[in-house]
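**Student:** Next up is a structure, given as structure tokens.
Protein chains: 2
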Amino acid sequence: MGNKAELDFVSWLRNQTTPKPWVTVGPGDDTAVLSLPTNKPCLVTSDMLLDGSCFILAEAGAQRVGRKAMNVNLSDIAAMAGIPHAALVSLALPRNGGKNLAQQLFNGIKQAADLFDTAIVGGDTNSWNGPLAISITLLGYPGPKGPILRSTAKPGDALLITGQLGGSILGKHLDFNPRIAEAQLLSQLTNLSSMIDLSDGLALDLHRLCAESKCGATLFADQIPIAEAAFQMNDDKTPLEHALGDGEDFELLFSLPAIEAQQLLKDQPLQGLRITQIGEISKDGLFIQEKGRKLPLEALGYIHQFD
Amino acid sequence: MGNKAELDFVSWLRNQTTPKPWVTVGPGDDTAVLSLPTNKPCLVTSDMLLDGSCFILAEAGAQRVGRKAMNVNLSDIAAMAGIPHAALVSLALPRNGGKNLAQQLFNGIKQAADLFDTAIVGGDTNSWNGPLAISITLLGYPGPKGPILRSTAKPGDALLITGQLGGSILGKHLDFNPRIAEAQLLSQLTNLSSMIDLSDGLALDLHRLCAESKCGATLFADQIPIAEAAFQMNDDKTPLEHALGDGEDFELLFSLPAIEAQQLLKDQPLQGLRITQIGEISKDGLFIQEKGRKLPLEALGYIHQFD
């Protein structure tokens, strides 16, 4: 390709991006310049996805990987009941075939961004002798009730989730839908006391939510909606264990006053997506109640390991 | 380390970060929540640094690499005459020794961030079987005169730089000082018409500035301040060629009305950092004037190459 490759790719990218009124300066200057909604805080999150760890590029295909990289960030904004508006995309591309790969990745990234009216305003394109790495940063702002935090669950609150859990490795981890609109609606209809997206497994993410909220929780094992995929996993774990421990379902886990939960469960306002009560927030201790027995809930789930 | 490593590292990181009044929610929730200055646009930039390409970890050491990763982003905010305030740090760590490496990197990142009152508000920590990759996103806001763009240079303007150029690979590329305060002062004292930081070499970055501004420029070869390091490079390039083509000087290249430039050059208001006029903006064409001859200026410089 010669020396002009990066410049060419930046101009290609600039032609692909849709102008948005809140983007004063998009890709091509030293920084992007954004006009944020006045009197709203700024929500900002970054996720990095790595070939061989968060996806297998050769199996998934670049466009699907690009879509996932954007969607995991969108899911974080959803978990705050936020509205996304601008993203920066940084790529470490393998030296051979990097330009074609970048365009396919970007097609997937743009596909996910466009669904949620999110502008791609900048980033950084690099090539190296390592595998593909994608880092996306997403900016957004909260809805009318402000951001819904992990740290504000209250003892006595009901604990609910959207959708079904487990076995996402069979496909959902690449093709999930970030729950942006659903989180907005839940936040409008009820007084959510806390929310988190399920990225590393129900048990581990519930541990995190309870640690931040300085509370406990009890899960009702027989009420956890287990995805069909969890039954197809064909390993030594039970479907329930998959629902508790598998990462990347990207559903919402949230708490709200018990009386509001009853109404919400009756109304089921999310089109095509069931809301289920799976437990309740308590003062302390994490437990799972199964066939009349109450057992400690281990923090199963996916954590990146270092030495 | 076992499964708790990531959680441990996040809590270590949370204890290391200094609370800032504009950070409503820092690391540990699904997104950070920031209170930005009202009625100011948001500046946002991302840079990704890769082992073996942007640095050699084994030679430079992790703390220095961390500092560089933050400083290249600070330099982009400087190029807009902006004030930085919050950063997100994403790491792809080699699986062996990743935790210790992460802490050293973070020490360097924090050192650079603290110098410019910048909070570290989030990010993503991953481990893999690849080399170290660091992606930092930096948010900031412009000074009283708004952001200084690349796209607003005007024919007749004088073209100036801070500092000296060339040979940064001998050390400066790791240990440079981002010109945040200098850019603020320049923006206050004069009517800057455009600015860019010199990350990929004077000739290439001038090409970029002129392309964005739809103008041309002429460099005065004998006025370009050449760094001592450019004379020590000991290869087949002249010191001037190093000053024109070497990347990562991270000095400011800027334009302003010629009459203001005269006063600025006389006043030399930047403590310990010389300002030099190196050329002028024209209607079109990029040239370098050397010993009475005017030659086309090639877009020498560093570009990541793909196939």
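Chains as they are written, first to last, in our numbering: chain E, 3 to 309; chain H, 3 to 309. Each residue gets a CB set at the ideal place from its N, CA and C atoms; glycine is no exception.
1) May I have the straight-line CA-CA distance separating Ala80 (chain H) from Met197 (chain H), to the nearest angstrom?
2) Does the contact criterion of 3 or more C-beta pairs under 8 Å hold for the stretch 209-226 of chain H versus the stretch 171-179 of chain H?
3) Could you please tell me which residues of the stretch 42-56 of chain E, in chain order, have their CB closer than 7 Å to any CB of chain H?
4) What does the Cβ neighbour count give for Ala60 (chain H), buried or exposed, with the cut at 16 atoms within 10 Å?
5) Give the secondary structure of Gly165 (chain E) by DSSP, where H, G and I count as helix, E and B as strand, and everything else as coil.
6) Give the residues of chain H in contact with Asp78 (chain E), contact being defined as C-beta atoms less than 7 Å apart.
7) Within a Cβ cutoff of 6 Å, which residues of the same chain sit near Ala245 (chain H), ignoring the five residues on either side of it in sequence?
8) Among E:Ile283, E:Gly287, E:Ile261 and E:Leu221, whose alpha-carbon lies nearest the alpha-carbon of Lys293 (chain E)?
9) Within 10 angstroms of its Cβ, does Gly124 (chain H) collect 16 or more other Cβ (buried), or is it exposed?
10) Rank E:Leu161, E:Gly148 and E:Lys70 by C-alpha distance to the C-alpha of Thr278 (chain E) and give the top, closest one.
11) Please state whether the Cβ-Cβ distance between Ala301 (chain E) and Ala155 (chain E) is less than 7 Å.
12) Between which two residues does the alpha helix (DSSP H) containing Tyr69 (chain H) stretch?
13) Taking just the CA atoms, how far does Ala62 (chain H) sit from Ile136 (chain H)?
14) If you draw a straight line from the alpha carbon of Gly99 (chain H) to that of Asn109 (chain H), how long is it in whole angstroms?
15) Quick one: what's Pro316 (chain H) bridged to in DSSP?
16) Should Asp119 (chain H) go down as buried or exposed, given a rule of 16 or more other Cβ atoms within 10 Å for buried?
17) Applying the criterion that 16 or more other CB atoms from any shown protein chain within 10 Å of the CB defines a buried residue, is Ile58 (chain H) buried or exposed?
18) If you draw a straight line from the C-alpha of Gly68 (chain E) to the C-alpha of Gln273 (chain H), how long is it?
19) Mind listing which residues of the stretch 114-131 of chain H have their C-beta closer than 9 Å to chain A's C-betas, in chain order?
20) Using the C-alpha atoms, what's the distance from Leu288 (chain E) back to Leu45 (chain H)?
21) Hey, is Ser92 (chain E)'s beta-carbon within less than 7 Å of any beta-carbon in chain H?
22) Apart from the five residues just before and just after Pro64 (chain H), which ones in its own chain have a Cβ nearer than 6 Å to its Cβ?
23) On the CB-based measure, 16 or more other CB atoms within 10 Å of its CB, does Gly54 (chain E) come out buried or exposed?
24) Could you pull out every residue in the same chain whose Cβ sits closer than 8 Å to the Cβ of Asn73 (chain H), ignoring the five residues on either side in sequence?
25) Is the CB-CB distance between Thr26 (chain E) and Ser37 (chain E) below 7 Å?
**Tutor:** The short version:
1) Position 78 of the second sequence holds residue 80 (chain H). Position 195 of the second sequence holds residue 197 (chain H). Roughly 9 Å between the two C-alpha positions.
2) no
3) Listed in sequence order: Pro43, Cys44, Leu45, Val46, Thr47, Ser48, Asp49, Met50, Leu52, Gly54 and Ser55.
4) Translated into positions along the second sequence, residue 60 (chain H) becomes position 58. Exposed, since its Cβ has fewer than 16 Cβ neighbours within 10 Å.
5) As a working note, residue 165 (chain E) is residue 163 in the first sequence. Coil.
6) On the first sequence, residue 78 (chain E) is found 76 positions in, with the first residue counted as 1. One finds Asp32 and Thr33 in chain H with Cβ atoms closer than 7 Å to the Cβ of Asp78 (chain E), taken in chain order.
7) What you label residue 245 (chain H) is simply residue 243 of the second sequence in a count that begins at 1. Excluding sequence neighbours, Ala245 (chain H) sits near Leu167, Gly168, Ile226, Ile228 and Ala232.
8) Position 291 of the first sequence holds residue 293 (chain E). The shortest Cα separation from Lys293 (chain E) among E:Ile283, E:Gly287, E:Ile261 and E:Leu221 belongs to E:Leu221.
9) Stepping through the second sequence from its first residue, residue 124 (chain H) is reached at position 122. Result: buried.
10) As a first step, residue 278 (chain E) must be located in the first sequence, where it is residue number 276. Residue E:Leu161 is the option with its Cα nearest to Thr278 (chain E).
11) The residue labelled residue 301 (chain E) in the question sits at position 299 within the first sequence. The residue labelled residue 155 (chain E) in the question sits at position 153 within the first sequence. Not in contact: Ala301 (chain E) and Ala155 (chain E) (Cβ atoms no closer than 7 Å).
12) In the second sequence, residue 69 (chain H) corresponds to position 67, counting from 1. Per the sequence shown, the amino acid found at residue 69 (chain H) is Arg instead of Tyr. Ala64 to Ala81 is the extent of the alpha helix (DSSP H) around Arg69 (chain H).
13) Numbered from 1 along the second sequence, position 134 holds the residue referred to as residue 136 (chain H). Numbered from 1 along the second sequence, position 60 holds the residue referred to as residue 62 (chain H). Cα to Cα, Ile136 (chain H) sits roughly 14 Å from Ala62 (chain H).
14) The count along the second sequence starts at 1 and reaches residue 99 (chain H) at position 97. The count along the second sequence starts at 1 and reaches residue 109 (chain H) at position 107. Gly99 (chain H) and Asn109 (chain H): Cα-Cα distance of roughly 16 Å.
15) The structure shown does not extend to residue 316 (chain H), since chain H is modelled only from 3 through 309, so no value can be given for it.
16) Residue numbering aside, residue 119 (chain H) sits at position 117 when the second sequence is read from its first letter. By the beta-carbon neighbour count (other beta carbons within 10 angstroms, threshold 16), Asp119 (chain H) is exposed.
17) For the purposes of this step, residue 58 (chain H) is taken as residue 56 along the second sequence, with counting starting at 1. With fewer than 16 Cβ atoms within 10 Å of its Cβ, Ile58 (chain H) is classed as exposed.
18) Within the first sequence, residue 68 (chain E) is the residue found at index 66, counting from 1. Within the second sequence, residue 273 (chain H) is the residue found at index 271, counting from 1. The alpha-carbon atoms of Gly68 (chain E) and Gln273 (chain H) are separated by roughly 46 Å.
19) Among the protein chains in the structure shown, which are E and H, there is no chain A.
20) In the second sequence, the residue the question calls residue 45 (chain H) occupies position 43. In the first sequence, the residue the question calls residue 288 (chain E) occupies position 286. Approximately 42 Å, taken between the alpha carbons.
21) Taking the first sequence and counting its residues from 1, the one referred to as residue 92 (chain E) is at position 90. At a cut-off of 7 Å, the C-beta of Ser92 (chain E) has a neighbouring C-beta in chain H.
22) Locating residue 64 (chain H) in the second sequence gives position 62, where the first residue counts as 1. Correcting the residue type first, residue 64 (chain H) is Ala in the shown sequence and not Pro. So the qualifying residues of the chain are Leu103, Gln106 and Leu107.
23) In the first sequence, the residue the question calls residue 54 (chain E) occupies position 52. Burial call: exposed.
24) Indexing the second sequence from 1 puts residue 73 (chain H) at position 71. Ala114, Phe178, Asn179, Pro180 and Phe252.
25) By one-based count along the first sequence, residue 26 (chain E) stands at place 24. By one-based count along the first sequence, residue 37 (chain E) stands at place 35. Yes, the Cβ-Cβ distance between Thr26 (chain E) and Ser37 (chain E) is below 7 Å.
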